[in-house]
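Residue numbers for the sequence shown follow our numbering, beginning at 3 and rising by one.
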Amino acid sequence: MLELDKNYEIQDENLERKYKDWQKKLHPDLVHSKSQREREYAAEQSARVIEAYRTLTNPLSRAIYILKLEGIDVNEEETVSDPELLTEIMEIREAVEDAADSKALNEILSPVQEKLIQWSMSFANTFRNQKFDEALNCIRRMTYYDRVNKEIMKKL
């Protein structure tokens, strides 16, 4: 829909431009004089464009989507059996609960976001090299860090 190459690494400005182009074409002011059917179609397409944009702007959802394009189903609820990762996530969650203020939360947030970037880059590399089992492992790890990231952001 947004006419991008099947690639994990995308140019944000290119995605943004294509998104805005589609939104201009589908804007309600441009289709208000059209038939009911055409207005409904434009509304459906607009919703699809928004969903595609949200999917592609989030590294985790983009990784899941691009593996699905390869025919690989990603079970987001599948757990990791790495005790070090699980311990780290548990410790981060405890620190988030114990954090007294936004300064403390931001100090926790920074390394979590660094881990997300690290695993995102690792996914990009494994996907590029078609090592899909390793790519799935990256997604599982990204999922844990993404959840913790969201928990921290809620508290901020």
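Where is the CB? At the ideal position from N, CA and C, for every residue including glycine.
Item: Give me the Cβ distance between arginine 121 and methionine 144, rounded to the nearest whole Å; I'm assuming they're in contact under 8 Å.; Value: The identity of residue 121 in the sequence shown is tryptophan, whereas the question assumes arginine. Correct: roughly 5 Å between the Cβ atoms.
Item: Could you check the C-alpha separation between alanine 101 and tyrosine 146 for me, to the nearest Å?; Value: 19 Å
Item: Buried or exposed for arginine 130, please, with buried defined as at least 16 other CB atoms from any protein chain shown within 10 angstroms of its CB.; Value: exposed
Item: Rounding to the nearest angstrom, what Cα-Cα distance links isoleucine 110 and glutamate 116 in this structure?; Value: 11 Å
Item: Look up tyrosine 10 in the DSSP assignment and say whether it is helix, strand or coil.; Value: coil
Item: Decide if alanine 137 is buried, meaning its Cβ has at least 16 other Cβ atoms within 10 Å, or exposed.; Value: buried
Item: Looking only at its own chain, which residues have a Cβ that is under 7 Å from the Cβ of glutamate 40, when we skip the five neighbours before and after it?; Value: Val33
Item: Measuring alpha carbon to alpha carbon, tell me which residue in Glu78, Lys105, Glu5 and Val114 is nearest arginine 142.; Value: Glu78
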